[in-house]
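Colleague: Please see the structure below; I have some questions.
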Amino acid sequence: MRRTSSIGGPLTRRGLLRQAGAATLATVASPAWAQTMTSLRLPGGADTRPVTSAFPQKGAMILQRTRPPLLETPFEVYDQGVFTPNDRFFVRWHWAVIPTSVDAESFRLKIHGHVNRASSLTLNDVLALPRFEIVAVNQCSGNSRGFFQPRVAGGEWANGAMGNARWTGVRLKDVLDRAGVKAGAVQVRFNGLDMPLVPDAPDFMKSLAVDHARNGEVMIAYAMNGEPLPLLNGFPLRLVVPGWYATYWVKMLDDIEVLDGPDTNFWMKTAYTIPDTPRADMKPGQAGVTMVPINRMNPRSFITNVKDGATIPAGKPTPVRGIAFGGDAGVKRVDVSTDGGKTWRAARLGKDEGKYGFRRWDAPFTPAVKGDYTLMVRCTASNGEMQPAEPNWNPAGFMRNVIELTSVSAT
Amino acid sequence: MMRMILGFALVSAVAVTAAAAPARAPTVLKSVDVTLPDSSRTLPDGPNLSVVDGNCVSCHSAGMILNQPALSKATWEAEVAKMRNVFKAPIDEKDVAPIVDYLTAVKGPK
């Protein structure tokens, strides 16, 4: 069962060509399943995407790529509450070979490497460990990449490659302690059931420092929002790394290896690296920039009930509301400007579900006279970090957290 | 069509659950078996389209290319080199330049 997939295992060049041919034939035979189109309003175009409900266990999602799936959460979902429903939660896979069936009986989570007792846990073994829950935002490193200017190659997301859930599972610390981490351990590496079509391509693996892995918050989730994870969100188990980008939240986690040296695999050493500068910011073409693995998230906030370009009534209240998160810290405050950033006032914060989660906010707004207004929202995290007015830039399109603008017209 | 009907049924079931009070997390995990849809999009006409079709849509569907912004020829050269050298796409050396030409023609600066 372990490596089954709708498109088979690793292939030779001939196999690849044959498969491409088969895909074309299947396309002709199958109905067009994309239902509507949407515009992501990205600068420079190529921003029209289908909205589809064709993916298993998923509702209406913005189709960024069919294979391997990249599905974006339509932005209106964030206005419905701080918890992103499982069937609307964004999806991002690196490699095309994704198991489409997982057998709960035969599935095993292996823990090995620099440990005293290498072990292999069944799902029931995992379920029997002390239960741990945390609310945390899962955000793609490249969320909002499509807004980078100059534009960069990659998954061309708008702001919907993020979601917030209540994660239930077990502490990674408990799993590691059960195996007994040996002295001299440096990192812990995580691998999932997905794999590349081409056998010698780099399997997707991510690592955390041992102390981080054992901090009592990093966990292995078997449920999100009270339900098993959708397969495309990592069923049956996924790593949850509160406050850190989703690249570390390895899906379909089945292998944990404790390393006695730093992990130099491609996905740590080369991919998912950022400039070692404030906000991962650099100039296009800038030379001599030191790159480091991406890590903690930064604060962000969004208006969710008023769309950019909307028309609202002059002289009447249009309260604005939205979501904010502090990155790897809580939300200290959210400020709103309705005059393009000249003046700010504090928004009212909603219930605190935990420092790593989305926080609801709202603020009154009545456009006194007819005309154009620029609405802005700014999150300050509990560690003092505040969203900046200028966007950051780096060649991979990571870590965007500029103050977002929403232009409206009062008539 | 069956798949679409099944898809809607699943969506309805999940929506009902989500609307209820926070559910208690499961104590049993049941096996899952799903089917992933394949892409109905094809690449637009352009120079060397057959070379691109033969090399570029095995590991990823056409949308990955179609959704890219206009990128320079140098950027497309780097992307094709990355696919070949890092991600080990089995692209013949002789096919690299034709692929870059196609991408630059279809997704290059206008």
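Chains as they are written, first to last, in the numbering used here: chain W, 42 to 452; chain E, 87 to 196.
Glycine residues also receive a C-beta, built at the ideal position from the N, C-alpha and C atoms.
Check whether chain E comes within 8 Å of W:Ala387, counting only Cβ atoms and requiring the distance to be less than that.
Modeller: Counted from its first residue, the first sequence places residue 387 of chain W at position 346. Not an interface residue.
Colleague: Taking 7 Å as the cut-off, is the beta-carbon of W:Gly221 closer than that to any non-hydrogen atom of the ligand FMN?
Modeller: This structure does not include the ligand FMN; it has no bound ligands of any sort.
Colleague: How is the beta strand (DSSP E) around W:Phe189 delimited, first residue to last?
Modeller: Sequence index remark: in the first sequence, residue 189 of chain W carries index 148 (1-based). No beta strand (DSSP E) contains W:Phe189, which DSSP labels as neither H nor E.
Colleague: Indicate the three-state DSSP secondary structure (helix, strand or coil) for W:Gln121 in the structure shown.
Modeller: Taking the first residue of the first sequence as 1, we reach residue 121 of chain W at position 80. Helix.
Colleague: Please list the terminal residues of the continuous beta strand (DSSP E) segment that includes W:Met246.
Modeller: Residue numbering aside, residue 246 of chain W sits at position 205 when the first sequence is read from its first letter. Note, W:Met246: beta strand (DSSP E), 246-250.
Colleague: Just verifying my parser: in three-state terms, what is the DSSP assignment at E:Ile185?
Modeller: Here the question's residue 185 of chain E lines up with position 99 in the second sequence. E:Ile185 falls in the helix class under three-state DSSP.
Colleague: Could you check whether W:Val251 and W:Ile297 sit closer than 8 Å to each other, using their CB atoms as the reference points?
Modeller: For the purposes of this step, residue 297 of chain W is identified with residue 256 of the first sequence, where counting begins at 1. For the purposes of this step, residue 251 of chain W is identified with residue 210 of the first sequence, where counting begins at 1. Not a contact, by the Cβ cut-off of 8 Å.
Colleague: Count the other CB atoms within 10 Å of the CB of W:Gln76; is the residue buried (16 or more) or exposed (fewer)?
Modeller: As a position in the first sequence, residue 76 of chain W is number 35, starting the count at 1. By the neighbour-count rule (16 or more Cβ atoms within 10 Å), W:Gln76 is not buried but exposed.
Colleague: For a test of the three-state rule: what should DSSP assign to W:Val178, helix, strand or coil?
Modeller: Translated into the one-based positions of the first sequence, residue 178 of chain W becomes position 137. W:Val178 falls in the strand class under three-state DSSP.
Colleague: Just tell me which of W:Ala145, W:Val259, W:Arg389, W:Gly367 has its CA closest to the CA of W:Glu426.
Modeller: Against the first sequence, residue 426 of chain W aligns to sequence position 385. The residue with the shortest Cα to Cα distance from W:Glu426 is W:Gly367.
Colleague: Do the stretch 78-94 of chain W and the stretch 187-203 of chain W meet, that is, are 3 or more Cβ pairs less than 8 Å apart?
Modeller: As far as the Cβ criterion goes, the stretch 78-94 of chain W touches the stretch 187-203 of chain W, which means the pair count is three or higher.
Colleague: Is the shortest distance between the beta-carbon of W:Gly86 and the beta-carbons of chain E less than 8 Å?
Modeller: Along the first sequence, one-based indexing puts residue 86 of chain W at 45. Yes, because at least one Cβ of chain E sits closer than 8 Å to the Cβ of W:Gly86.
Colleague: Would W:Arg108 and E:Ser147 qualify as a contact pair, given that the criterion is a beta-carbon distance under 8 Å?
Modeller: The sequence position of residue 108 of chain W within the first sequence is 67, counting from 1. The sequence position of residue 147 of chain E within the second sequence is 61, counting from 1. Yes.
Colleague: From this set, W:Ala202, W:Gly302, W:Asp369, W:Met309, which residue's C-alpha is nearest W:Lys247's C-alpha?
Modeller: Within the first sequence, the letter at position 206 stands for residue 247 of chain W. When each option's Cα is compared against that of W:Lys247, the closest is W:Met309.
Colleague: Should E:Lys180 be flagged as near chain W, meaning a C-beta pair shorter than 8 Å?
Modeller: Residue numbering aside, residue 180 of chain E sits at position 94 when the second sequence is read from its first letter. E:Lys180 does not count as touching chain W.
Colleague: To the nearest angstrom, report how far apart W:Pro126 and W:Leu112 are at their CA atoms.
Modeller: For this step, residue 126 of chain W is matched to residue 85 along the first sequence. For this step, residue 112 of chain W is matched to residue 71 along the first sequence. C-alpha separation (whole angstroms): 14 Å.
Colleague: I need the straight-line Cα distance from W:Asn205 to W:Ala177, nearest angstrom please.
Modeller: Taking the first sequence and counting its residues from 1, the one referred to as residue 205 of chain W is at position 164. Taking the first sequence and counting its residues from 1, the one referred to as residue 177 of chain W is at position 136. Cα to Cα, the separation comes out at about 6 Å.
Colleague: Quick one: which chain W residues come within Cβ less than 8 Å of E:Leu157?
Modeller: Position 71 of the second sequence, counted from the start, is the residue given in the question as residue 157 of chain E. Arg192, Ala194, listed in chain order.
Colleague: Could you give the distance in angstroms between the alpha-carbon of W:Gly195 and the alpha-carbon of W:Val410?
Modeller: Sequence index remark: in the first sequence, residue 195 of chain W carries index 154 (1-based). Sequence index remark: in the first sequence, residue 410 of chain W carries index 369 (1-based). About 42 Å.
Colleague: Measuring CB to CB, does W:Ala220 end up less than 8 Å from W:Ala169?
Modeller: Along the first sequence, one-based indexing puts residue 220 of chain W at 179. Along the first sequence, one-based indexing puts residue 169 of chain W at 128. Against a cut-off of 8 Å, the Cβ pair of W:Ala169 and W:Ala220 comes out as no contact.
Colleague: Contact criterion: CB-CB distance below 8 Å. Does E:Leu122 meet it with respect to chain W?
Modeller: Here residue 122 of chain E refers to the residue found at position 36 of the second sequence. Yes, E:Leu122 counts as interfacial toward chain W.
Colleague: How many angstroms separate the CA atom of W:Thr65 from the CA atom of W:Pro110?
Modeller: Walking along the first sequence from the start, residue 65 of chain W turns up at place 24. Walking along the first sequence from the start, residue 110 of chain W turns up at place 69. Summary for W:Thr65: the model assigns pLDDT 39, below 50, so the residue's position carries little reliability, and this model does not support an answer.
Colleague: Is there a Cβ of chain W sitting closer than 8 Å to that of E:Val201, yes or no?
Modeller: The displayed coordinates of chain E run from 87 to 196. Any statement about residue 201 of chain E would go beyond what the structure contains.
Colleague: Taking only beta-carbon atoms, is W:Phe276 less than 8 Å away from chain E?
Modeller: Your numbering for residue 276 of chain W matches position 235 in the first sequence. It does; some Cβ of chain E falls within 8 Å.
Colleague: Using a Cβ cut-off of 9 Å, pull out every chain W residue sitting near E:Val166, in sequence order please.
Modeller: Working through the second sequence from its first residue, we reach residue 166 of chain E at position 80. Correct list: empty, because the minimum Cβ distance to chain W is about 11 Å.
Colleague: If you draw a straight line from the C-alpha of W:Gln105 to the C-alpha of W:Pro91, how long is it?
Modeller: Sequence index remark: in the first sequence, residue 105 of chain W carries index 64 (1-based). Sequence index remark: in the first sequence, residue 91 of chain W carries index 50 (1-based). Their backbone Cα atoms lie some 8 Å apart in a straight line.
Colleague: Tell me, please, whether the CB atom of E:Gly132 is closer than 8 Å to any CB atom in chain W?
Modeller: Counting from one through the second sequence, the residue named residue 132 of chain E turns up at place 46. Not one chain W Cβ lies under 8 Å of E:Gly132.
Colleague: What are the complete beta strand (DSSP E) segments, minimum 3 residues, inside the stretch 298-344 of chain W?
Modeller: The qualifying runs are 314-316, 332-334, 341-344.
Colleague: Who are the Cβ neighbours of E:Gly149 in its own chain at under 8 Å, not counting the five residues just before and after it?
Modeller: Within the second sequence, numbered from 1, the residue matching residue 149 of chain E stands at position 63. These residues qualify, in order along the chain: Ser125, Arg127.
Colleague: Grab the span of the beta strand (DSSP E) containing W:Asp403 for me, first residue to last.
Modeller: Working through the first sequence from its first residue, we reach residue 403 of chain W at position 362. Start and end: 400-404.
Colleague: Take E:Lys196 and list the residues in its own chain whose beta-carbon comes closer than 8 Å to its own, dropping the five residues that flank it on each side.
Modeller: Taking the first residue of the second sequence as 1, we reach residue 196 of chain E at position 110. So the list reads Ala156, once near-sequence residues are dropped.
Colleague: So, W:Asp458 versus W:Val227, is the Cβ gap smaller than 8 Å?
Modeller: For residue 458 of chain W there is no data in the structure shown, the boundaries of chain W being 42 and 452.
Colleague: Is the Cβ of W:Gln105 closer than 8 Å to any Cβ of chain E?
Modeller: By 1-based counting over the first sequence, the position of residue 105 of chain W is 64. Output row for W:Gln105: interface = yes.
Colleague: Taking CB distances under 8 Å as the criterion, tell me whether W:Phe173 reaches chain E.
Modeller: As a working mapping, residue 173 of chain W is identified with position 132 in the first sequence. W:Phe173 does not count as touching chain E.
Colleague: Excluding the five sequence neighbours on either side, which residues of its own chain have a C-beta within less than 7 Å of the C-beta of W:Leu81, listed in chain order?
Modeller: Your numbering for residue 81 of chain W matches position 40 in the first sequence. The answer, listed in chain order, is Asp88, Arg90, Gly187, Ala199.
Colleague: Within this structure, are the beta carbons of W:Cys420 and W:Ala365 separated by less than 8 Å?
Modeller: In the first sequence, counting from the first residue as 1, residue 420 of chain W sits at position 379. In the first sequence, counting from the first residue as 1, residue 365 of chain W sits at position 324. Taking 8 Å as the Cβ cut-off, W:Cys420 and W:Ala365 qualify as a contacting pair.
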